[in-house]
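Residue numbers (the working numbering), protein chains in the order written: chain A, 361 to 754; chain B, 361 to 754. We put the CB at the ideal spot given by N, CA and C, even for glycine. Some notes on the structure that comes next.
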C-alpha cells in the first residue's frame with residue numbers, strides 16, 4: 361500500500377527517532393528526572409484560582425464559553441492583552457491584534473502568509489526548536505545568524521540582510537531559547553534600524569519576555585519606529601498556563617486583516633472557554649504578583665542548577681548563566697555528541713535535550729539544554745549528580 | 361507604507377465585505393433574528409454538567425489540565441473517541457487517530473500535507489464554506505461535483521476522477537452542509553470503490569454525521585475496504601460544544617505519522633483543559649442521551665421552519681427538506697441574488713447566509729441558507745414572517 365501513497369513523507373522530527381523515543385520513555389517514568397522539555401512549573405500553577413475562575417465563568421457565562429466566537433478573539437481578553445502590551449511599552453491598536461493558539465500558531469500564521477517555498481529567512485543559530493519546525497513547513501531557505509548568551513552576531517545579521525535579502529527575520533530578543541540571553545538597548549535600537557533599512561519584517565518571539573532574572577527587559581516592539589517592521593508574538597504559556605493554548609500576535613493592520621482570514625480558515629477560532637477563563641482570571645487576580653512569585657522560584661531553581669553544575673560537572677561541561685527563560689545551555693567540554701550519552705543518562709535516571717536540533721543548519725552535536733523550570737532545587741541537585749555519574753560512565 | 365509590504369493580499373473573505381459587515385452587525389443586535397451562522401443551540405448545551413465536570417477536573421487533575429501535553433492528544437480521550445468510532449462501525453487503531461482543534465484543523469492539516477499549489481481536488485458543489493476557505497489556502501484547482509439534497513452527481517464525480525485525476529476529494533456523505541442531504545448505502549459503496557479504482561483519498565467530513573432526522577446513517581469510513589482510502593473527520597462541536605475546539609481525524613498510520621509532526625509544528629497541541637474536560641464528561645455523562653434530547657429539539661425547529669416557509673414563502677422561495685444538519689437550503693424563485701435582499705432583510709430584523717459562497721466556482725446568486733438550530737420555534741416563526749415581508753419589500 362505505502363508505495364502507492366501520492367505524497368512524499370517530507371516531514372521529519374527535529375530530534376532523531378531514537379532521541380524522541382528515549383525522551384518519551386523518560387517522561388512516562390516517575391523515577392527519571394527530565395531536564396528536557398522546558399515545561400513551566402506545574403507546582404506553581406495557580407490551580408486554586410483557576411478552579412474558582414472556571415466555576416465563576418460556568419456560572420455566569422456558561423453558554424458563551426461553550427459556543428463559537430469570532431476568529432479575532434474574545435473582545436474583553438483582546439482589551440486586556442492590549443493593556444498588558446501598553447504596560448510593556450507597546451502601543452498597538454485593536455486592529456493590530458490577533459489571538460492565537462499560543463505563540464506557536466502565531467508563528468505558523470505569519471510563516472504561511474509571508475514565507476514561500478525557497479524564500480530566505482534570517483534565524484538565530486541556535487534558536488527555539490519548534491520555531492524551526494514550523495518555519496520548515498514553508499520550506500524556506502534558512503539564513504543563520506549566530507546567537508549566544510552574550511548576544512547576537514550583528515555583522516552576520518548585516519551580511520544576511522545584504523546578501524540574502526530576507527523579507528523575514530525570526531528573533532527572540534528579550535528571552536532567547538535555548539541560551540537564556542537577553543539583548544540590550546543598543547542592540548534593540550540597531551535591530552529596528554536594520555529592519556527599516558532592509559525593508560524586512562523582524563518577528564519578535566517574546567514568549568519568555570517576562571521570564572527575566574535581571575529586571576524587566578522591554579520588548580523590541582516597544583522601540584520607537586518598530587510598529588511597521590516588528591511583528592510581536594506573546595503568550596500566556598510561560599507566565600500563567602500553557603494548557604489553555606492562548607497566545608497573540610501584534611502586527612500592522614494590513615497583515616492582521618489577512619491573518620484573521622488565515623486563522624479563521626485554519627481552525628475557525630481559539631477556544632472560547634480558554635479565552636473567557638483567561639479574561640476572567642485577569643480581572644479577578646493579579647497576574648504580575650503571580651509571576652513575581654514564580655520568578656522567585658525560577659531564580660532559585662536556576663541558581664540551584666548553576667551551583668550543582670559547578671560542584672559536579674566543572675571541566676566536563678561548559679555552560680552559560682541564563683538571564684531569562686527556563687534552561688541552561690551547555691556543551692560537553694570534550695566535544696562528544698550529547699546524543700551519544702543520552703541512553704546512558706537515562707539508565708542513570710536523568711535526561712536532557714540534545715542541542716543539535718536547535719541549530720538551523722550544521723547541527724553541532726556537543727550541545728545540550730538543561731531545563732530547571734519544573735523541578736525543585738532538591739530534584740535539580742539529584743538530577744545533576746546523576747548526570748555527572750552518567751557523563752563519567754558513558 | 362502599504363505599497364512596500366512584500367506580500368500579496370491573496371486572502372479574500374468568502375462573503376463580500378458588505379455581507380460580512382451586515383452579518384456581524386446583525387449578530388450583535390438582540391432584536392435581529394439571525395438564520396446565518398448555523399450555530400449549535402446554546403440553550404441545549406449541558407452547561408450544568410460541564411460546570412460540574414470542570415469542577416471535578418480542576419479538583420482532581422488541575423495541574424495536568426494547565427500543563428503541556430503531547431501533540432497526539434490526551435490518551436484517555438483518544439481511547440474514548442476510538443470507542444465512539446467503533447460504535448459507528450469504524451474500526452481504527454490508536455495509530456490511525458489524531459486529535460485536532462475541531463474538524464476545521466483536521467481539514468487544514470490534511471490539505472497542508474496532501475495538496476500542493478495547482479493540484480486538482482474534487483469538491484461537492486455546493487459545499488461547506490469554511491472547507492472551501494481552508495482548501496483555498498493551498499491554492500489548488502477546484503473540481504466541482506454537483507450535490508443537492510437528493511444526492512451526488514456520480515457521473516460528474518467519475519468524470520472528475522478520470523479527467524482531472526485528483527489525489528483528494530472532499531465530501532460530506534452523511535450530513536451535507538448546506539443542503540442537509542444524506543447519501544445512502546449504494547452511494548457509499550460506490551464511493552469506496554471509486555476511491556480505490558482511482559487511487560484517490562476521499563476526505564469524509566462527518567461533523568454533522570450524528571445530526572440525523574431519519575435515523576442513524578453509517579459513515580463512509582465504516583464501509584468495508586474504506587480504511588486505506590477514506591480520511592474521516594469528526595468533531596464534538598455539533599453534538600456537544602464547539603467552544604472547547606476538539607475534533608479528530610482518522611487516517612492510515614503513514615499519514616498520521618506525518619500529520620502529528622505537522623500538528624506539533626502548527627500549534628504544539630490541542631488544549632489540555634479542553635481535552636481532559638471532554639474526556640471526563642464522557643465518563644460521567646451519557647453523550648448519546650444528551651444528543652437524543654438535542655435532536656428532538658432540532659427536529660422541532662426544522663419542522664417549525666419548514667411549516668413557516670410553507671405558510672409564508674410558497675412561490676417566493678423554493679427549498680428542500682434537510683435529513684441532517686442545522687439548516688434549510690433555499691433559492692429565490694424569481695432568480696434574484698439573495699445578497700441583494702440582505703440589507704432589506706436586516707432592516708426587517710432578520711438575516712440569512714447568502715448562498716453563493718458555498719459554491720467552489722461560478723457562484724450562482726439565488727441561493728440562501730437558513731439555519732434553524734439556535735432558535736426556538738416561536739423565534740423561527742417570527743423570523744420567517746419578517747423574511748417574507750422583507751422579500752416582498754425588496
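Beta-carbon neighbours of residue i, restricted to chain A and to distances below 7 Å
i	result
residue 602(B)	427, 428
residue 631(B)	603, 604, 605, 631, 634
residue 461(B)	461, 627
Chain B within 8 Å of residue i, Cβ atoms only
i	result
residue 419(A)	yes
residue 624(A)	yes
residue 594(A)	no
residue 713(A)	no
residue 494(A)	yes
residue 423(A)	yes
residue 361(A)	For residue 361(A), the predicted structure reports a pLDDT of 36, less than 50, and the residue's modelled location is therefore unreliable. A value from the coordinates is still provided. True, the Cβ-Cβ gap to chain B drops below 8 Å.
residue 687(A)	no
residue 454(A)	no
residue 731(A)	no
residue 399(A)	yes
residue 566(A)	no
residue 726(A)	no
residue 545(A)	no
Classification of residue i by the beta-carbon crowding that lies within 10 angstroms, buried from 16 upward
i	result
residue 545(B)	exposed
residue 598(A)	buried
residue 608(B)	buried
residue 377(B)	exposed
residue 523(A)	exposed
residue 601(B)	buried
residue 700(B)	exposed
residue 539(A)	buried
residue 477(B)	exposed
Top-ranked residue by Cα proximity to residue i, from the options
i	options	result
residue 511(B)	583(B), 485(B), 625(B), 627(B)	485(B)
residue 707(A)	375(A), 374(A), 639(A), 382(A)	382(A)
residue 527(B)	559(B), 674(B), 580(B)	559(B)
residue 462(A)	654(A), 634(A), 622(A), 731(A)	634(A)
residue 568(A)	386(A), 488(A), 547(A), 412(A)	488(A)
residue 737(A)	623(A), 665(A), 424(A), 695(A)	665(A)
residue 452(A)	688(A), 613(A), 653(A)	613(A)
residue 685(A)	466(A), 442(A), 532(A)	532(A)
residue 583(A)	396(A), 547(A), 565(A), 671(A)	547(A)
residue 661(A)	427(A), 575(A), 371(A), 401(A)	401(A)
residue 507(A)	543(A), 444(A), 395(A)	543(A)
residue 593(A)	566(A), 722(A), 702(A)	566(A)
Beta-carbon proximity list for residue i, same chain, < 7 Å, skipping 5 on both sides
i	result
residue 393(A)	709, 710, 735, 739, 742, 743, 746
residue 374(A)	489, 492, 493, 717
residue 651(B)	570, 599
Below-8 Å beta-carbon distance, residue i vs any chain A residue
i	result
residue 529(B)	no
residue 391(B)	no
residue 373(B)	yes
residue 621(B)	yes
residue 402(B)	yes
residue 572(B)	no
Proximal chain A residues relative to residue i, where beta-carbon distance stays under 9 Å
i	result
residue 490(B)	624, 625, 628
residue 415(B)	411, 414, 415, 418
residue 736(B)	Those do not exist, as residue 736(B) stays about 14 Å from chain A at its closest Cβ, beyond 9 Å.
Contact set for residue i: own chain, Cβ-Cβ below 6 Å, skip 5 residues either direction
i	result
residue 498(B)	471, 475
residue 626(B)	none
residue 555(B)	562, 589
residue 753(A)	704
Beta-carbon contacts of residue i that lie in its chain and below 8 Å, excluding the five residues immediately before and after
i	result
residue 363(B)	With a pLDDT of only 37 at residue 363(B), under the threshold of 50, the placement of this residue in the model should not be trusted; the figure read from the coordinates follows. Contacts found: none.
residue 619(A)	458, 469, 470, 473, 609, 611
residue 732(A)	395, 658, 661, 662, 664, 665, 686, 687, 688, 740
Amino acids of chain B, ordered along the chain, whose beta-carbon sits closer than 8 Å to that of residue i
i	result
residue 591(A)	In chain order: nothing, as chain B lies at least about 12 Å away.
residue 770(A)	The question about residue 770(A) has no answer, for chain A in this structure spans 361 to 754.
residue 407(A)	418, 422, 423, 426
Within chain A, the residues that residue i reaches when beta carbons sit closer than 8 Å
i	result
residue 468(B)	625, 626, 627
Contacts of residue i in chain B (Cβ-Cβ under 7 Å)
i	result
residue 523(A)	Near residue 523(A) there are no residues of chain B at all, since even the closest Cβ is about 17 Å away, more than 7 Å.
Amino acids of chain B, ordered along the chain, whose beta-carbon sits closer than 9 Å to that of residue i
i	result
residue 440(A)	Chain B residues near residue 440(A): none, gap ~19 Å exceeds 9 Å.
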